[in-house]
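Notes for the one structure printed next.
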Amino acid sequence: MLIKIKNSWDLSEKDVTSEEDFFSRRDFVKAAGIMGVGSAVNLMTPALAGAYQAETPPSGKYNGSDIKDEQTVLSAITSYNNFYEFGIEKDDPSKNAHSLVTKPWNITVDGHCENPGEYAVEDLVNFNALEERIYRMRCVEAWSMVIPWVGVSLSQVIEKLKPSLSARYIYFETLEDVEQMPGQARNIIQWPYREGLRMDEAMHPLSIMAVGLYGRTLENQNGAPLRLVVPWKYGFKGVKSIVKISFVEEKPNTSWMRLAPQEYGFFANVNPAVSHPRWSQASERRIGDFRRRKTLMFNGYGEMVAGLYDGMDLRRNY
Amino acid sequence: MEKKLSRLLIHTLSILPALWIGWQIWLWYSFLPHELSANPIEYITDFTGNWTIRFLLLTLSITPLVKLTKWRLLKYRRAIGLYAFLYGLLHFLNYMMLDYFFNWSLIIEDVLKRPAITFGMAGFAMLVILAITSFKFTKIKLGKNWTKLHQLIYILAISVTVHNYMMVKADVLIPLIHATILSILLLYRLYLNWSKRRERAKRQLA
Ligand code: HEM
Chain C
2 MLIKIKNSWD
12 LSEKDVTSEE
22 DFFSRRDFVK
32 AAGIMGVGSA
42 VNLMTPALAG
52 AYQAETPPSG
62 KYNGSDIKDE
72 QTVLSAITSY
82 NNFYEFGIEK
92 DDPSKNAHSL
102 VTKPWNITVD
112 GHCENPGEYA
122 VEDLVNFNAL
132 EERIYRMRCV
142 EAWSMVIPWV
152 GVSLSQVIEK
162 LKPSLSARYI
172 YFETLEDVEQ
182 MPGQARNIIQ
192 WPYREGLRMD
202 EAMHPLSIMA
212 VGLYGRTLEN
222 QNGAPLRLVV
232 PWKYGFKGVK
242 SIVKISFVEE
252 KPNTSWMRLA
262 PQEYGFFANV
272 NPAVSHPRWS
282 QASERRIGDF
292 RRRKTLMFNG
302 YGEMVAGLYD
312 GMDLRRNY
Chain P
41 MEKKLSRLLI
51 HTLSILPALW
61 IGWQIWLWYS
71 FLPHELSANP
81 IEYITDFTGN
91 WTIRFLLLTL
101 SITPLVKLTK
111 WRLLKYRRAI
121 GLYAFLYGLL
131 HFLNYMMLDY
141 FFNWSLIIED
151 VLKRPAITFG
161 MAGFAMLVIL
171 AITSFKFTKI
181 KLGKNWTKLH
191 QLIYILAISV
201 TVHNYMMVKA
211 DVLIPLIHAT
221 ILSILLLYRL
231 YLNWSKRRER
241 AKRQLA
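Line by line, the protein sequences give chains C and P.
In this text, residue positions in the first sequence follow my numbering: the first is 2, and each later residue adds one.
In this text, residue positions in the second sequence follow my numbering: the first is 41, and each later residue adds one.
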């Protein structure tokens, strides 16, 4: 159940919400009950629907997320995106991403692991184990959202692939296909989009592979059919529409590091004390709010993740 | 009559973006559907910043247009320059009021520590100076110095184009277009200057 904390500057938020295409989890559960799941909304599997009818976090195994923050309206999550593969403006992905074909979808797994090969989404993600995770998402551009993701722990996926000890990092790639991703006609970044995590970060229970949000299958502009979510890092670490996973020894050279190494580092942990050279990271605007709020160290997940970086100088390893 | 009409046309066209953004902001404040995206303040920053640059480039285009086409546009130059000031003011106010809500410590940190903002701020300061000395009586009072002072617009334009280039995250296409137009306009001045000097030299020889 959501506990909604009202801040003084939030006062009009509810009004905004009621105007928009928004349904809360409770409404959703009601709708699902009345109208029969599946017809009410675009659900992906009966398993997911079942989880939602239960109205508990689908698996309750790990509930590390802070669900007290008000969730961002669905229409904002699906219309305000950085996904340069579909264009540079925030509303380009919602306009252009329909050209992406997500079925069928294969993911190539290679590198230091026992089970390399080609996997369908269903082979990597156990749709019977889907959980809801309500996470803050802090963009490096100093705005943020609260998103109820649906997915599985990344560790579950990794365990299936059985990386060997020499795998020190996990590396991801987004699809590269200009036919489906018209934004790739321009070389704004070197395609394909590349991201990576240290293995211990990837195995952390907060890291998830998401296939949905707000109880629905991911929209293409949000990274369908599967994407990474690492809530204590800036949003750009959340690589979308993944087609490749590699287990590697060397630290991957990720897309934003290639583009501007002095501005974007490999770790990209949310850190209000380390500013972007061109703007402060000390505060952020939560989408839907009027005033800025203070940015939290590790996006508020410090208690759970700070240990990963013991002894590291986070000013240098930004 | 014709002059009045074209003046009216120029003012109408120039104020349209301001009216549009004002209307959209009103919709936003009234919780009505609007075009400002999920992050209206950033949208307003981009919108007003881009219109400031466009009007600055337009202002700088008047002289070349007059020289090349003989259209009598000079009388509109002040108005167009003041529209650049209007959009610059909106850009600045949006930053101070909506974006940072008068959080002076953050604003001062931004201006001092971040060169991109320093360039924008310097540009805006020059724009203010030009706007308040743009009246007829200040022009008469300043005499020859007025022309010199208003050559600040070249530095101003370079400064804000650098600001524009530095503020975008990855796609530098638009700022590069601005920079290209500005370079052409500035090179044209250099050419004018050079040919004037040559004329003078020739005359002295003759
Ligand atoms: C009057 C001279 C100025 C001009 C012509 C100007 C122009 C611009 C332009 C064209 C942009 C890029 C918009 C885009 O991304 O499409 C921009 C961005 C920005 N400007 Fe200015 N600017 C000026 C002064 C200032 C001042 C004085 C400040 C603050 C003190 C400022 C703060 C910003 C900020 C914060 C952004 C980034 C917006 C974002 O995050 O997208 N500017 N400006």
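From the three backbone atoms N, C-alpha and C, an ideal C-beta is built for every residue, glycine too.
C-alpha gap between residue i and residue j, whole angstroms
i: C:Ala41; j: C:Gly216; result: Low local confidence applies: a pLDDT of 30 at C:Ala41 is under 50, so the model's placement there is unreliable, and no value is given.
i: P:Tyr140; j: P:Thr158; result: 16 Å
i: P:Ala162; j: P:Ser199; result: 7 Å
i: P:Leu114; j: P:Ser77; result: 38 Å
i: C:Val102; j: P:Pro155; result: 43 Å
i: P:Tyr228; j: P:Pro104; result: 7 Å
i: C:Leu166; j: P:Ile61; result: 57 Å
i: P:Pro73; j: P:Ile180; result: 49 Å
i: C:Leu184; j: C:Val240; result: The residue asked about is misnamed: residue 184 of chain C is Gly in this sequence, not Leu. Using only the alpha carbons, I get a separation of about 16 Å.
i: P:Leu222; j: P:Thr92; result: 13 Å
i: P:Lys209; j: C:Glu115; result: 40 Å
i: P:Asn143; j: C:Glu285; result: 13 Å
i: C:Trp144; j: C:Asn83; result: 12 Å
i: C:Ala211; j: C:Val151; result: 6 Å
i: C:Ala168; j: C:Leu155; result: 15 Å
i: C:Ile78; j: P:Ser235; result: 58 Å
i: C:Met313; j: C:Val141; result: 21 Å
i: C:Arg287; j: C:Glu71; result: 10 Å
i: C:Val207; j: C:Ile243; result: One detail in the question is off: residue 207 of chain C reads as Leu in this sequence, not Val. Answer to the nearest angstrom: the Cα atoms are 19 Å apart.
i: P:Leu184; j: P:Leu126; result: Contrary to the premise, residue 184 of chain P reads as Lys rather than Leu in this sequence. Approximately 26 Å between the Cα atoms of the pair.
i: C:Ile189; j: P:Ala197; result: 26 Å
i: P:Leu146; j: C:Ala283; result: 9 Å
i: P:His218; j: P:Ile224; result: 10 Å
i: C:Gln54; j: C:Thr218; result: Its pLDDT being 34, under 50, C:Gln54 is placed unreliably in this model, and the value from its coordinates should be taken loosely. Rounded to whole angstroms, C:Gln54 to C:Thr218 spans 16 Å at the Cα level.
i: P:Thr213; j: P:Met206; result: The question names Thr, but residue 213 of chain P in the sequence shown is Leu. For P:Leu213 and P:Met206, the distance between alpha carbons rounds to 12 Å.
i: C:Ala203; j: C:Ile148; result: 20 Å
i: P:Phe175; j: P:Pro215; result: 31 Å
Chain C within 8 Å of residue i, Cβ atoms only
i: P:Ile61; result: no
i: P:Asn204; result: no
i: P:Met207; result: yes
i: P:Ile84; result: no
i: P:Glu239; result: no
i: P:Glu42; result: no
i: P:Lys236; result: no
Interface flag, residue i vs chain P, CB-CB below 8 Å
i: C:Glu142; result: yes
i: C:Leu260; result: yes
i: C:Arg279; result: yes
i: C:Arg217; result: no
i: C:Arg286; result: yes
i: C:Ser25; result: In this prediction, C:Ser25 scores a pLDDT of 37, lower than 50, which makes its location untrustworthy; no coordinate-derived value is stated.
i: C:Asp22; result: Here C:Asp22 scores only 35 on pLDDT, less than 50, and its place in the model is too uncertain to base an answer on.
i: C:Arg316; result: no
Chain-ordered chain C contacts of residue i [CB-CB under 9 Å]
i: P:Ser77; result: Ala77, Ser80, Tyr81, Glu90, Lys91 and Asp92
i: P:Ala210; result: Tyr85, Ile89, Ile189, Ile190, Trp257, Leu260 and Ala261
i: P:Phe141; result: Phe291, Arg292 and Arg293
Residue i beta carbon near ligand 2 (any heavy atom closer than 7 Å)
i: P:Thr92; result: By its list of ligands, the structure shown excludes ligand 2, since it contains just ligand 1.
Contacts of residue i in chain P (Cβ-Cβ under 8 Å)
i: C:Ala283; result: Leu146
Per-residue contacts from residue i into chain C (C-beta, under 7 Å)
i: P:Ala171; result: Going along chain C, no residue has its Cβ under 7 Å from P:Ala171, so there is no contact; the nearest lies around 27 Å.
i: P:Phe132; result: Chain C residues near P:Phe132: none, gap ~16 Å exceeds 7 Å.
Contact list for residue i against chain C, beta-carbon separation under 8 Å
i: P:Ile81; result: Arg286
Between the segment 107-141 of chain C and chain P, which residues of the former have CB atoms less than 8 Å from a CB of the latter, in chain order?
For chain P, none of the residues of the segment 107-141 of chain C brings a beta carbon within less than 8 Å of one of its beta carbons.
Near-chain C residues of the segment 154-184 of chain P - C-beta to any C-beta below 7 Å:
Hits within the stretch, in order: Arg154 and Ala156.
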